[in-house]
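If you read the sequences in order, they're chains A and B. Taking the numbering used here, I'd label the letters of the first sequence as residues -15 to 510. Taking the numbering used here, I'd label the letters of the second sequence as residues -15 to 510. For reference, the structure discussed in these notes is given below.
Protein chains: 2
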Amino acid sequence: MIAWKNMDTLAAYQAMQDAARVNLAEAMSGENGAERVKRYTVPMGAGMDFNFGARPVDDGVLAALAQFAAEAQLTEKFAALYNGEVINTGEKRRVLHHLTRGQLGEAVIADGVDKREFYAGEQKKIAELAAKVHAGEITNADGEKFTTVVQIGIGGSDLGPRAMYLALENWAKVNGTLKMKAEFISNVDPDDAAGVLSKIDVAHSLFVLVSKSGTTLETLTNESFVKDALAKAGLDASRHMIAVTSETSPLAKSADYLAAFFMDDYIGGRYSSTSGVGGAVLSLAFGADVFARFLAGAAEADKLAKNEDLLANPAMLDALIGVYERNVLGYPTTAVLPYSQALSRFPAHLQQLDMESNGKSVNRFGEPVSYVTGPVIFGEPGTNGQHSFYQLLHQGTDIIPLQFVGFRSNQMDSDVVIQGSTSQQKLCANVAAQIVAFACGKEDENRNKYFAGGRPSSIIIGDKLTPEALGALLAHFENKVMFQGFAWNLNSFDQEGVQLGKVLAKRVLAHETDGALKVYSDLLGI
Amino acid sequence: MIAWKNMDTLAAYQAMQDAARVNLAEAMSGENGAERVKRYTVPMGAGMDFNFGARPVDDGVLAALAQFAAEAQLTEKFAALYNGEVINTGEKRRVLHHLTRGQLGEAVIADGVDKREFYAGEQKKIAELAAKVHAGEITNADGEKFTTVVQIGIGGSDLGPRAMYLALENWAKVNGTLKMKAEFISNVDPDDAAGVLSKIDVAHSLFVLVSKSGTTLETLTNESFVKDALAKAGLDASRHMIAVTSETSPLAKSADYLAAFFMDDYIGGRYSSTSGVGGAVLSLAFGADVFARFLAGAAEADKLAKNEDLLANPAMLDALIGVYERNVLGYPTTAVLPYSQALSRFPAHLQQLDMESNGKSVNRFGEPVSYVTGPVIFGEPGTNGQHSFYQLLHQGTDIIPLQFVGFRSNQMDSDVVIQGSTSQQKLCANVAAQIVAFACGKEDENRNKYFAGGRPSSIIIGDKLTPEALGALLAHFENKVMFQGFAWNLNSFDQEGVQLGKVLAKRVLAHETDGALKVYSDLLGI
């Protein structure tokens, strides 16, 4: 029997508070530090490892975290989720994104349908369409092949798919699987759509309209924008557009689209990269085989998230160390720092995933919690970030836990040797150096050159950013966020905090405003 | 006589602590809220306004801030800076980036040279080169025009120029001044350079190598990468490369470059967008006239920063409200949220500008300070962010002050009317709505749909994002960061925190490691 309890009512929470604090700079020094880094590593799927040697824990803290995992029933809650219980209690919905990439538990029958079969079936339909587009069986009206795919969506329909596309674009180029270039239109700012349209060849572009409800204002607005452009170019929009939506949406059966693919209310936007939301654009861009490999990587990481043993469950471990840093050590922010240019927009995706899921002040029963919850997430790729905000990370007055990602090899073939090392070696040397610099610091009589150290980080290490590695990376963070939501006793799957702004924006557009809202509207010329 | 004192030694700091706190939700309600928003606005140059109606201040708090500004001698310190005193005491350097766009005070003679004339002269040389490239007087070896300019630089040589280019790319398109497309190579990850090279036509590309010292490892590595590519294409690299560097750097007199333009140690990387670092790439991309308009906008904002009257000095006002939020109210993070897709990378630039300048724990004399300093800065353009991390901003357990930017008109000609409003109107309606939603919140019996409000923001409003507006926006934030550094008694112009990582990375590449550093190096395959 699962009990949903606030974190601060658990005995293990007290144990976390009581566990002796780790002096990280000391623990990471000398041969003990070396042993620690070797020992504190866990496989996380697709050949990658989660190394937490530089996080502020030791065997004592880990024991408290394991006690917490058991008392908070984290793996039981995950099982309830993947077996189809209504975990999103606010919206009274199941949470089934794991089924888009595998069957973790029992068959989930909802609305008379086996949901695993449903999601896999949609993916198969997408694969068939993609194959026809690539083969030139589906073309524009002049019988010419489509060369570009443009995703129209916002939030989860944009950030995840865009980050995944960028992550694999160069990999696909050198592996000969870049079938179509992808572009993305998201913002209601008309210059976003106009800017993208000004640089593509619309006659050879296929647009993927993504909106679960079929009513997202930004997305419908941008659809009209694109349809205007197609009409002006003398093109039949219905030959250039496909939809990814729910079966009950107005877009589902419309003749306006070449095809429609379905998801449902059990896939939250920010968890939808492995559904048709990511599947259509990525299968068109890279081929369905590459997308299938991405799903296989995610499924591998999902399986590890079932492990009850904290030290064999990297997502749960990452989650609980994060909770420890947030609630016991009091660090309000976390940075995500991939040492891979291909992951340039991965932090922006995690920002939504994490902050929209766990940026909440009430528990799953709608009662205020008396502890802090989701941190602010930000990040940029290294080494770029080193030349930007790392100054504050090293010597600022706040401590910010860091999540590094690094790969032994780069994706493309080219590299260059300068001063005796390749660029890839320099990249890897830098991330290794940063971890130790943050953890251990450096004494200096000149306080301006002094580094206090004690700044925690972990690193996910893989051989190369392949489709499988990317899938595992994505699933790792999805599952981490889920476990943190369980720990904080939140509903991580609704987003009521976005509603008020929508309501007021409608009021502004209807000119039904008064007070400050009217003044701002006037100042902005509406 | 200027006295450099720690913030907590000033009487006005106590006055800030003692000033009655503002109940923002209450203050922003009803007709009083409307009056407040109308009144709390300050012109900030280039036709823009800084509106702080929704920041957590009132006339009482503002009086304490004005007292602080006077006691901390903020405008005197700015005058010392622009008159050429050695403000960057750590590195024993003047701080002269304001001279790249105007003469604010006395002539500054350094190294026997009038620095305003020097910077203006370099800009003139750049303008001449750009004109020749655009006119086809400088071409590739086949006599063909260059169509693409590629900046090679990292940190301040990348983030600012890249953000400025993206901010004006679409504006230039519709105004007929997009002379060359710009691309950027920054990361030492070899896939960054390879990725950019795979999508450009190197035969028609001009590369701008930017490194003040001429020794930045990432940049020299990427230069070699590019030279290899040029050689493979049978091209003479020296006809395709220009350098922006200091006169004493190894790049200054090299025959490897078509031309070299100079800056000096008085222009910090993160403050260099208005120097040749931004000037070369932006003049080549848009024409020197557009770059001159950008400088004029920055100069306008600089002039306002001289005002002793806090309420006529938007940068100082923004700075001190930020200090109040950070040190009195205890908010650790600030979000920058431009409602303009063109400003998509402006937050990444501000992240460096702010966090590298003020992410410090020691004062300008190298003594530890006993108060918190620079906050974490992050952000994404709206409305995209609304569908991402705004959940946490509205309902998370931490309060995060917000800096909105909005424009009445978009940059491009196209727009579309859907449901009775244009996309631009929807964009503006959303930002107005968000400000009020954050400030005022909303009661609801269902605590999951309840918004506490009291979440502060300001907004910078302009007509359109023109070169002048962009210049003023950039200078506003540069000056804000400078004033905050003065308030915290920091040296905002060095970055010792980036050194340790560099030293350790070299050790890794030389295989001179032990302990944890050796283990990480092994794990990463170096």
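Heads up, the beta-carbon is just placed ideally off N, CA and C, and yes, glycines get one too.
Considering only the alpha carbon of each residue, which of the options lies closest to residue i?
{"i": "GLY281(A)", "options": "TYR(-3)(A), GLU153(A), LEU454(A) and ASP42(A)", "result": "LEU454(A)"}
{"i": "VAL492(B)", "options": "ALA471(A), ASN463(A) and GLN409(A)", "result": "GLN409(A)"}
{"i": "THR25(B)", "options": "VAL503(A), PHE168(A) and LYS486(A)", "result": "VAL503(A)"}
{"i": "ALA243(B)", "options": "THR203(B), GLU284(B) and LEU190(B)", "result": "LEU190(B)"}
{"i": "VAL465(B)", "options": "GLY96(B), GLU340(B) and ASP142(B)", "result": "GLU340(B)"}
{"i": "ILE361(A)", "options": "PRO316(A), LEU(-6)(A) and ASP397(A)", "result": "PRO316(A)"}
{"i": "PRO322(B)", "options": "GLU364(B), THR357(B), ALA285(B) and ALA296(B)", "result": "GLU364(B)"}
{"i": "ASP212(B)", "options": "SER197(B), PRO174(B) and ARG254(B)", "result": "PRO174(B)"}
{"i": "THR229(B)", "options": "MET247(B), ILE169(B), ASN368(B) and SER170(B)", "result": "MET247(B)"}
{"i": "ARG78(B)", "options": "ARG85(B), GLY89(B), GLY271(B) and TYR66(B)", "result": "TYR66(B)"}
So is residue i in contact with chain B if we call contact Cβ pairs under 7 Å?
{"i": "GLU480(A)", "result": "yes"}
{"i": "LEU88(A)", "result": "no"}
{"i": "THR450(A)", "result": "no"}
{"i": "THR203(A)", "result": "no"}
{"i": "ASN463(A)", "result": "no"}
{"i": "PHE373(A)", "result": "yes"}
{"i": "TYR504(A)", "result": "yes"}
{"i": "ALA(-1)(A)", "result": "no"}
{"i": "GLY139(A)", "result": "yes"}
{"i": "ILE547(A)", "result": "Past the boundaries of the shown model lies residue 547(A); chain A is included only from -15 to 510, so the question cannot be answered."}
{"i": "ALA421(A)", "result": "yes"}
{"i": "ASP212(A)", "result": "yes"}
{"i": "GLY499(A)", "result": "yes"}
{"i": "HIS224(A)", "result": "no"}
{"i": "ILE251(A)", "result": "no"}
{"i": "LEU507(A)", "result": "yes"}
{"i": "PHE209(A)", "result": "yes"}
Could you tell me whether any Cβ in chain A is nearer than 7 Å to the Cβ of residue i?
{"i": "LEU493(B)", "result": "yes"}
{"i": "PRO174(B)", "result": "yes"}
{"i": "PHE435(B)", "result": "yes"}
{"i": "ARG517(B)", "result": "What is shown of chain B runs -15 to 510, which leaves residue 517(B) out entirely."}
{"i": "ASN77(B)", "result": "The question names Asn, but residue 77(B) in the sequence shown is Arg. Chain A, which has no Cβ nearer than 7 Å to the Cβ of ARG77(B), makes this no."}
{"i": "ASP382(B)", "result": "yes"}
{"i": "MET536(B)", "result": "Only positions -15 to 510 of chain B appear in the structure, and residue 536(B) is not among them; the question remains open."}
{"i": "GLN418(B)", "result": "yes"}
{"i": "ARG431(B)", "result": "yes"}
{"i": "ALA489(B)", "result": "yes"}
{"i": "SER519(B)", "result": "Beyond the ends of chain B as shown, which are -15 and 510, falls residue 519(B); an answer cannot be given."}
{"i": "GLY485(B)", "result": "yes"}
{"i": "ILE510(B)", "result": "yes"}
{"i": "ALA413(B)", "result": "yes"}
Using DSSP's beta-bridge definition, name the partner residues of residue i.
{"i": "ILE443(A)", "result": "ASN35(A) and PHE388(A)"}
{"i": "PHE362(A)", "result": "ALA319(A)"}
{"i": "SER405(A)", "result": "ILE402(A)"}
{"i": "ALA243(A)", "result": "ILE226(A)"}
{"i": "LYS165(A)", "result": "THR132(A)"}
{"i": "ALA94(A)", "result": "VAL97(A)"}
{"i": "PHE191(B)", "result": "VAL134(B) and MET225(B)"}
Is it the case that the CB of residue i approaches a heavy atom of the ligand GDP more closely than 6 Å?
{"i": "PRO316(A)", "result": "Although the ligand GDP was asked about, the structure shown includes no ligands whatsoever."}
Original post:
Along the segment 346 to 370 of chain A, what residues have a CB closer than 7 Å to any CB found in chain B?
Top reply: Listed by position along the chain: VAL346, GLY350, GLU351, PRO352, VAL356, THR357, GLY358, VAL360, PHE362, GLU364, PRO365, THR367, ASN368 and GLN370.
Original post:
Can you list, in chain order, the stretches of the alpha helix (DSSP H) that have 4 or more residues and sit fully within the segment 33 to 88 of chain A?
Top reply: Counting only runs of 4 or more, we get 43 to 55 and 58 to 66.
**OP:** Pull out every residue of the segment 117 to 137 of chain B whose Cβ sits closer than 7 Å to any Cβ of chain A, in chain order.
**Re:** Listed in sequence order: no entries.
**OP:** Using a Cβ-Cβ cut-off of less than 9 Å, give me the residues of the segment 300 to 330 of chain B that come near chain A, in sequence order.
**Re:** Under the 9 Å Cβ criterion, the segment 300 to 330 of chain B contributes PRO316, THR317, ALA319, TYR323, SER324, GLN325, ALA326 and SER328.
**OP:** With a floor of 3 residues, list each beta strand (DSSP E) that falls wholly inside the segment 282 to 336 of chain A, ordered by position along the chain.
**Re:** Taken in chain order, the whole beta strand (DSSP E) runs of length 3 or more contained in the segment 282 to 336 of chain A are 317 to 323.
Original post:
What residues in the segment 387 to 399 of chain B bring their beta carbon closer than 9 Å to a beta carbon of chain A?
Top reply: Listed by position along the chain: GLY390, PHE391, ARG392, SER393, ASN394, GLN395, MET396, ASP397, SER398 and ASP399.
Original post:
Enumerated in chain order, which unbroken segments of the alpha helix (DSSP H) with a length of 4 residues or greater are wholly contained in the segment 108 to 158 of chain B?
Top reply: Entirely contained in the segment 108 to 158 of chain B, the alpha helix (DSSP H) runs reaching 4 residues are, in chain order, 143 to 158.
Subject >> Near-chain B residues of the segment 4 to 16 of chain A - C-beta to any C-beta below 9 Å >> reply: Answer set for the segment 4 to 16 of chain A: MET12, SER13, GLY14, GLU15 and ASN16.
Original post:
Listed in chain order, which residues of the segment 45 to 78 of chain A have Cβ atoms closer than 8 Å to some Cβ of chain B?
Top reply: Answer in chain order: GLY74.
**OP:** Name, going along the chain, the residues of the segment 20 to 42 of chain A whose beta-carbon falls closer than 9 Å to a beta-carbon of chain B.
**Re:** Listed by position, the residues of the segment 20 to 42 of chain A near chain B (Cβ gap below 9 Å) are ARG20, VAL21, LYS22, THR25, ASP33, ASN35, GLY37 and ALA38.
Original post:
Using a Cβ cut-off of 7 Å, which residues of the segment 177 to 192 of chain B contact any Cβ in chain A, in chain order?
Top reply: Going along the segment 177 to 192 of chain B in chain order, one finds ALA178, GLY179 and SER182 with a Cβ nearer than 7 Å to chain A.
**OP:** Go through the segment 404 to 438 of chain A residue by residue and report every complete run of the alpha helix (DSSP H) that reaches 4 residues or more, in order.
**Re:** Considered as a whole, the segment 404 to 438 of chain A harbours 407 to 424 as its complete alpha helix (DSSP H) runs of no fewer than 4 residues, in chain order.
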